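Asks: There's a structure below that I have some questions on.
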Amino acid sequence: MSDISLKSVVKRHGDALILRGISLDIRDGEFMTLLGPSGCGKSTLLRIIAGLDMQDSGEVMIAGRSVDGLRPKERDVAMVFQSYALYPHLSVFDNIALPLRVRRLGGLQRMPLLGGLMPGRRAIETAIRREVEETAAALDISHLLGRKPGQLSGGQRQRAALGRALVRHPAVFLMDEPLSNLDAKLRVQMRAEISGLHRRLGSTFLFVTHDQGEAMTMSDRVAVMMGGELIQVGTPEELYHDPHDLRVAEFIGSPRINVMPVEALVPEAGNRCAVFPGAATLAFRPEAADLSPPATALLSGRIAAIENLGSDIFIEVAVTGEGAALPIIVRVKPSSDRFIIGDAVGICPDPKRIIQFAASGRRLRTQGREHVAA
Amino acid sequence: MKHALPSSKGEPMALVAGRRRREQGIAWLAMAPAVALLILLLFGPILAVAVFSFTDWQIGSPSLRFLGFDNYRALFADAVFWKALANTALYVAIVVPGTVILGLVVALLIEARPALRSFYRAAHFLPVMSTMAAMAIVWSTMLHPTIGLVNRLLAEFGVSGVNWLRDERTVLPALAVIGIWQSFGFAMVLFVAGLKSIPQSLYDAAAIDGADGLLDRLRTVTMPMLGPVTMFVLILTAKRAFEVFDTVRVLTKGGPNFASDVLLHRLYTESFDFLRTGYGAALTVVYLAVVMLLTRAQARMLDRRVHYT
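For the record, the sequence lines run as chains F and C.
For the first sequence, the numbering used here begins at 5 and goes up steadily by one.
For the second sequence, the numbering used here begins at 719 and goes up steadily by one.
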């Protein structure tokens, strides 16, 4: 059992409130991602769970016991850092072996020269060697064990850092934006590898990222953080299709969700789209609308850009009149008619898939079933 | 078969060679001021000293006679020279580790607590900025056998002090302590700069890996990451310790009974007090050779063990 439970964790930095009472339950063996823009407090939360920082109030439980006041090494967590934080003077082997040596060898046994003479050291070193080699083989870095981190590529350093975390089989893996220093192609590959690692080990993973693509593709559940608060916790599907907050809707999805003030879509009373009382903002995903001739549509404008991805085409439409400030993005199938930049088109969002938000950014639900009046 | 090999751009070799000569000419022209100064100020004097060391020349004397290796023979037969060499070695052996260790400890202490950090830094750096000859006077007062602060303090604890600078057993260690006092601030400043450049994530990684005790942190992160700085400090401190002169000149003049005579002081005495310029030159050559050998050996040894990121 290695679930993590946070109870109203608060962290202040001077006057600034970094974490405003975070409560979160991470199940045993779950791949949970903390997603949010930079400065939202996600890394601070991770450091608090690791024991590198202390919360000002609240409680952190790992595997059912409170770890407050415990030092990082007593929490049975491993961490992978954004900068990898490999010890540059040690070979990859020594880097991976270090956590084992610190834990298993006594202070005297680790002395540079004297250590070799201490009884019992040889047997422990043999066991450590075997475990390091097993870990390296699992990560496909056996041939790099003799090298120093400075002689490795970014991806290889990443693996070495993973090896150092893996080797002592911790209950919880904490990862602080481990992929952000890799190039795009390698990042996609490492996503798959880390997911595979998670399936193989079955340990609890807590992954911090600002990249919604990483969060959506790797996680069992995603916790979206903004401004020191958890806004929504859910599966990637829930976050995409059922955002509780405008900020979540805007943060997740690529291309972005279309957002406009309610007046843009409802120019006069008696329109086809029914609006809940209190709605201030309407939003719909690019795939929740179709293009049509301008006359029949709710919105109309001219095509500003066309992004052809092969499987999908995204059309950006600059809407005429005031209303949406940003162009509206609509997904069309490649088989549909050819569009040309500058064409006048209409946009017909599917009324059932328009999401409504109050002025506070809070989601408005379909109370009273008054949704479509077409 | 002999062909005029075309260069990569298809020009004949003769043309390329001509251009290369021209470029070399410009390069030498550009280096000329630096080279001239180097010869005038560095290589010239060293060469002159080396030449004088084979003569009986005295400062101001219109004539000189070549003696071959006579000066060197006399030097190596001179017990005072060996005494000075041994004293210098002992002085360096005390001052270098003392300076490095004290500088490092003070740097770690200063960095450990943010309060008054810049005050401590400035305070510890003051001795470096001061004029050693003037400070030597202060030290001589402190080490005075009857009215000196040191002996009075010792008397408070019931220990009877010694005449630090007049006792053959204590004079060199006393001078070494003054040397450490003077130079550890410099080492400290360099170490503080080095400490600041160690990424926090390495300490975090060490904490997660379990190396979170003071000694473990030092061994796993701090010392290896300070390697390049330590090497620089070691070489610089060793060089400065070898050059010790002003405290000796002001406080002891090499006495008592040559117990605090060091190479540079010997060199000065022979050359300028006794006006034996040729002999002094031989001493200088030996001194230069020793310093160069040691620096070379030190750099080699450390290069193998120091990690540069």
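Built from N, CA and C at the ideal position, the CB exists for glycine as well.
Because the structure is a prediction, the values reported are computed rather than measured.
From what residue to what residue does the beta strand (DSSP E) around residue 862/C run?
Replies: No beta strand (DSSP E) contains residue 862/C, which DSSP labels as neither H nor E.
Asks: Comparing C-alpha positions only, which one of 6/F, 32/F, 52/F sits nearest to residue 12/F?
Replies: Nearest C-alpha to residue 12/F: 52/F.
Asks: Considering only DSSP beta bridges, list what residue 390/F is partnered with.
Replies: This structure does not reach residue 390/F, given that chain F is present from 5 up to 378, and the question cannot be answered.
Asks: Short of 8 Å in beta carbon distance, which residues of its chain neighbour residue 137/F, apart from the five on each side in sequence? Order them along the chain.
Replies: The residues are 146, 149.
Asks: Can you tell me where the alpha helix (DSSP H) holding residue 35/F begins and where it ends?
Replies: Taken as a continuous stretch (DSSP letters only), residue 35/F belongs to no alpha helix (DSSP H), being part of the beta strand (DSSP E) at 35 to 39.
Asks: With the cut-off set at 8 Å, would you say residue 307/F and residue 323/F are in Cβ contact?
Replies: No.
Asks: Would you call the CB atoms of residue 178/F and residue 210/F closer than 8 Å?
Replies: Yes. Within cutoff.
Asks: Given a threshold of 16 other Cβ atoms within 10 Å of its Cβ, counted over all protein chains shown, does residue 8/F qualify as buried or as exposed?
Replies: With 16 or more other Cβ atoms within 10 Å, it is buried.
Asks: Can you tell which of 1008/C, 997/C, 920/C has the C-alpha that lies nearest to the C-alpha of residue 796/C?
Replies: For the residues 1008/C, 997/C, 920/C, the minimum Cα distance to residue 796/C belongs to 997/C.
Asks: For residue 46/F, which of helix, strand or coil comes out of DSSP?
Replies: Three-state DSSP puts residue 46/F in a helix.
Asks: Can you name the start and end residues of the alpha helix (DSSP H) that residue 878/C belongs to?
Replies: Where residue 878/C is concerned, there is no enclosing alpha helix (DSSP H), given that its DSSP letter is neither H nor E.
Asks: Determine the chain C residues that contact residue 85/F at a beta-carbon separation under 8 Å, and present them in chain order.
Replies: Chain C residues near residue 85/F: 919, 922, 923.
Asks: Is there contact here, the segment 877 to 886 of chain C with the segment 948 to 968 of chain C, by at least three beta-carbon pairs under 8 Å?
Replies: Result no; under three Cβ-Cβ pairs closer than 8 Å.
Asks: With distances taken Cα to Cα, identify the nearest neighbour of residue 333/F among 261/F, 28/F, 235/F.
Replies: Among 261/F, 28/F, 235/F, the Cα nearest to that of residue 333/F is on 261/F.
Asks: Determine whether the Cβ of residue 830/C lies closer than 8 Å to any Cβ atom of chain F.
Replies: It does not: the Cβ of residue 830/C has no partner Cβ on chain F nearer than 8 Å.
Asks: Can you pull the DSSP bridge partners for residue 296/F?
Replies: Per DSSP, 350/F.
Asks: May I ask which residues mark the beginning and end of the alpha helix (DSSP H) holding residue 989/C?
Replies: Careful: residue 989/C lies outside any alpha helix (DSSP H) and carries neither H nor E.
Asks: In terms of DSSP beta bridges, what is residue 185/F paired with?
Replies: Answer is none; residue 185/F lacks a bridge partner.
Asks: Note down, in chain order, all residues in the segment 97 to 111 of chain F with a beta-carbon under 8 Å from any beta-carbon belonging to chain C.
Replies: Per Cβ criterion, the list reads 102, 103, 106, 107, 111.
Asks: Three or more beta-carbon pairs under 8 Å between the segment 164 to 172 of chain F and the segment 29 to 47 of chain F, yes or no?
Replies: Short answer: they don't touch.
Asks: Under a three-way DSSP split, which group does residue 783/C fall into?
Replies: In the structure shown, residue 783/C sits in coil (DSSP, three-state: anything other than H, G, I, E or B).
Asks: Find the nearest neighbour of residue 857/C within the set 841/C, 835/C, 838/C, 883/C, judged by alpha-carbon distance.
Replies: Among 841/C, 835/C, 838/C, 883/C, the Cα nearest to that of residue 857/C belongs to 883/C.
Asks: Would you say residue 881/C faces chain F, with C-beta separation under 8 Å as the test?
Replies: Not an interface residue.
Asks: Does the CB of residue 927/C have a neighbour CB from chain F at under 8 Å?
Replies: It does: the Cβ of residue 927/C has a partner Cβ on chain F nearer than 8 Å.
Asks: Which class does residue 777/C belong to by DSSP, given the choice of helix, strand or coil?
Replies: In the structure shown, residue 777/C sits in coil (DSSP, three-state: anything other than H, G, I, E or B).
Asks: Between residue 785/C and the rest of its own chain, which residues show a CB-CB distance below 8 Å, the 5 nearest in sequence each way excluded?
Replies: Closer than 8 Å at Cβ, skipping near neighbours: 772, 773, 774, 996.
Asks: If contact means a Cβ-Cβ distance below 9 Å, which residues of the segment 44 to 70 of chain F contact chain C?
Replies: The residues in question are 51, 54, 55, 56.
Asks: Answer with buried or exposed for residue 157/F, where buried requires no fewer than 16 other C-beta atoms within 10 angstroms of its C-beta.
Replies: Exposed: under 16 other Cβ atoms inside 10 Å.
Asks: Could you tell me the distance, in whole angstroms, from the CA atom of residue 960/C to the CA atom of residue 788/C?
Replies: Roughly 26 Å between the two C-alpha positions.
Asks: From the DSSP output, read off the bridge partner residues of residue 263/F.
Replies: Answer is 287/F, bridged to residue 263/F.
Asks: Per DSSP, what kind of secondary structure is residue 849/C in: helix, strand or coil?
Replies: Coil.
Asks: What's the C-alpha gap between residue 940/C and residue 932/C?
Replies: Cα to Cα, residue 940/C sits roughly 10 Å from residue 932/C.
Asks: Taking only beta-carbon positions, decide if residue 77/F is within less than 8 Å of chain C.
Replies: Chain C, which has a Cβ nearer than 8 Å to the Cβ of residue 77/F, makes this yes.
Asks: Below 8 Å CB to CB, which residues in the same chain sit around residue 282/F once its five sequence neighbours on both sides are set aside?
Replies: Only 362, 363, 368 meet the Cβ criterion.
Asks: When DSSP builds the beta bridges, which residues end up paired with residue 61/F?
Replies: Answer by DSSP bridge pairing, in chain order: 14/F.
Asks: In chain order, what residues of the segment 127 to 143 of chain F put their CB closer than 8 Å to some CB of chain C?
Replies: Cβ contacts with chain C come from no residue of the segment 127 to 143 of chain F.
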